[in-house]
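Notes for the one structure printed next.
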Amino acid sequence: MDADDQAKGPDLTQGVPAGRLDDGGAIVGRVGDDEVLLARVGDEFFAIGAHCTHYHGPLGEGLIVGDTVRCPWHHACFSLRTGAALRAPALDPVDCYRVVRDGQTIRVTEKIAAPTEGAAAAPSVAPPESVVIVGGGPAGLAAAQMLRREGYDGAITMISADDSPPADRPNLSKEFL
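Residue 99 in numbering that gives the first Met the number 0 is what sits at position 100 of the sequence shown, and the numbering runs on without skipping anything.
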């Protein structure tokens with residue numbers, strides 16, 4: 000293993016001892032060329048992509064809360080079970096990996112397909128016919144995307160001073176510069 004591989008952590012396909020992770024603990028390793036976060040919650044182990052989809056923050060330095068991990072940079076929150084982005088500013092999920100426990104050895108075997116988004120459970124009250132979002136920045140975009148992700152199929156109107164569709168403006172300047 001060269002120095003570059005060591006920096007990425009252990010080869011999780013070869014396995015790590017279950018005792019290496021305390022409850023609420025996590026390590027970053029690799030599965031092929033991917034950096035992967037392996038986390039323990041009670042007796043369950045989860046493996047997801049090691050970097051936040053917002054600004055590539057290191058989730059290995061994040062905070063495990065229940066079955067979620069929070070990015071240390073901007074506090075985006077991801078499900079350890081599904082990789083779903085649960086809280087802004089991240090909008091996209093992280094990859095999820097299959098975890099296999101063989102006695103006291105934990106192995107991460109492969110990337111698994113993201114669950115298909117289905118309609119949310121029927122609400123206890125009828126949803127509104129339409130929603131108006133004031134502001135076309137990242138928060139407005141996140142609100143509209145979350146409505147759709149949760150199964151809302153009514154009209155969504157965004158009111159903004161911008162002529163352009165919503166965009167994560169910090170990304171525009173950081174990517175450009």
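Note that the Cβ used here is the ideal one computed from N, Cα and C, for glycine as well.
Bear in mind that the values here come from a model prediction, so they are computed numbers and not experimental data.
When the Cα atoms are used, what is the spatial distance from S178 to F77? The displayed coordinates of the chain run from 0 to 176. Any statement about residue 178 would go beyond what the structure contains.
DSSP on S140, reduced to helix/strand/coil? Checking the displayed sequence, the identity of residue 140 turns out to be Leu instead of Ser. Residue state, collapsed to three classes: helix.
Looking at the secondary structure, which residues open and close the beta strand (DSSP E) in which R106 lies? T104 to I111
Neighbour-count burial assignment, V93, 16 or more Cβ in a 10 Å radius: buried
Which residue or residues does DSSP assign as beta-bridge partners of V68? I63 and F77
Cβ separation of V27 and L36, assumed to be a contact under 8 Å, to the nearest whole Å: 6 Å
If we call anything under 8 Å between Cβ atoms a contact, is A143 one with I132? yes
Are A49 and L58 closer than 8 Å when you measure CB to CB? yes
If distances are taken between C-alpha atoms only, which option among E128, P127, T156 and K7 comes closest to V30? K7
By Cβ distance, which residues of its chain are closer than 7 Å to P16, with the 5 residues on each side in sequence left out? Q103 and T104
Quick check on A83: does DSSP put it in helix, strand or coil? coil
Same chain only: Cβ atoms within 8 Å of E60, ignoring 5 sequence neighbours per side: P71
Distance between P165 and L79 (C-alpha atoms, nearest Å): 28 Å
Inter-residue Cα distance where the pair is C51 and G135: 23 Å
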